[in-house]
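Chemist: Just passing along the structure, written as structure tokens.
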Amino acid sequence: MLRWLIEKELREIIGSTKFAITFGVCSILILLTFYVGSKNYLMSRQKYEAAKTENLRQMEGLTDWLRVDNHRIFLPPQPLEALVTGVSNDIGRTIEMAGRGELTAQDSRYNDEPIFAVFRFLDLDFIFQIVLSLFAILFAYDAINGEKERGTLRLAFANPIPREKYILGKLLGSFLGLEIPLLIPILLGCLMLPLLGVNLTNAEWIRLALIVGAGLLYFGAFLALSVFISSLAEKTSNSFLLLLVIWIFAVLIVPRSAVLLAGRLVEVPSVDEISAQKTRQLSQL
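Going by numbering that gives the first Met the number 0, the sequence shown opens with residue 0, and the numbers climb by one from there.
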């Protein structure tokens, strides 16, 4: 019975217009992420190697550390930064070294290109967090009440189908059907990486698989939430609006407000306070 429900849901999803649109959008975004990220990584790698060579040339013949001038340490680019940027663009990429003084990281990419601090970069984190969560709502907001409005729910329950199996079949069928637009372009992107010159180690491949697995769990959570709200709401319009409000709070408001709230609950010294402490320590030396 459960297998029949899953197959029915898969046939409905794959034959729908929403599936074709989802497959096209996910394929374009994911393949673009792999391609652009690979090119950015290769460019950053070339800059890193050139800067390291220049540093070694300047250091040749120096025997006194106090004579070191304009020597820089560069943060080496990581291959997975091409796919998930994380905080790599927020932190400084270079550290200027001298004979004495404090070492501070500078040259953040968001300082050089402030427009990216507002719109961020296209990566897998953005695709999972924003795009796929919206697609989960789009596909499952009418999973139960939509069939009730169409009259097919009454026909389904005319057969001896337990309600929990029906809901589980809806959930699993939607999840399996929406994995196809996600996993196919990701697999194609993984094949693109070696062809573009980005070689990952075994540990990095495992980390990439864990990232994709975490994204699927995140996607499945929104899918389950959509089915749950659809089973409670009377009308599809009500369930869609409620899910949209929940999405705005869960994805856009809560992560940002949590950072502000944590800063109020736990006192963290500001940058100016830390600089003042350093100045006092230096004055005592």
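C-beta: ideal position from N, C-alpha, C; glycine also.
Please determine, among K164, K147, L133, I166, the residue with the shortest C-alpha to C-alpha distance to L240.
Modeler: The shortest C-alpha to C-alpha distance from L240 to any of K164, K147, L133, I166 is the one to L133.
Chemist: Just checking my contact of S230 with I143 at CB under 8 Å: how many whole Å lie between their CB atoms?
Modeler: 4 Å
Chemist: May I have the straight-line CA-CA distance separating E48 from P76, to the nearest angstrom?
Modeler: 10 Å
Chemist: Whose C-beta lies closer than 7 Å to the C-beta of F174 among residues of the same chain, with five residues either side of it excluded?
Modeler: G219, L222
Chemist: Quick check on T84: does DSSP put it in helix, strand or coil?
Modeler: coil
Chemist: Just to confirm before moving on: does the CB-CB distance between F18 and G176 stay below 9 Å?
Modeler: yes
Chemist: Three-state secondary structure (DSSP) at R92?
Modeler: coil
Chemist: Spatial neighbours of L251 within its chain, please: CB distance less than 7 Å, with the 5 preceding and 5 following residues excluded, ordered by chain position.
Modeler: none
Chemist: What first and last residue would you give for the alpha helix (DSSP H) that runs through L240?
Modeler: 235-246
Chemist: To the nearest angstrom, how far is it from the Cα of L1 to the Cα of L28?
Modeler: 33 Å
Chemist: Roughly how far, in whole angstroms, is the beta-carbon of L31 from the beta-carbon of L121, given that I think they are within contact range, below 8 Å?
Modeler: 7 Å
Chemist: Could you check which residue in R71, L82, F248, L182 has the C-alpha nearest to that of L55?
Modeler: R71
Chemist: For L131, I'd like the list of residues in its chain whose CB is within less than 6 Å of its CB, leaving aside the five on either flank, ordered along the chain.
Modeler: F218
Chemist: For F118, which three-state DSSP category applies?
Modeler: Here F118 scores only 48 on pLDDT, less than 50, and its place in the model should not be relied on; the value that follows carries that caveat. Three-state DSSP puts F118 in a helix.
Chemist: Give the C-beta separation of K164 and L4 to the nearest angstrom, bearing in mind that I take them to be a contact with Cβ-Cβ under 8 Å.
Modeler: With 8 Å as the limit, K164 and L4 qualify as a contact, their Cβ atoms being about 7 Å apart.
Chemist: For the putative contact between V211 and I185, defined by C-beta atoms under 8 Å, what is the C-beta separation to the nearest angstrom?
Modeler: 6 Å
Chemist: Could you check the C-alpha separation between I183 and S26 for me, to the nearest Å?
Modeler: One Cα belongs to I183, the other to S26, and the distance between them is close to 8 Å.
Chemist: Within a Cβ cutoff of 6 Å, which residues of the same chain sit near G214, ignoring the five residues on either side of it in sequence?
Modeler: F127
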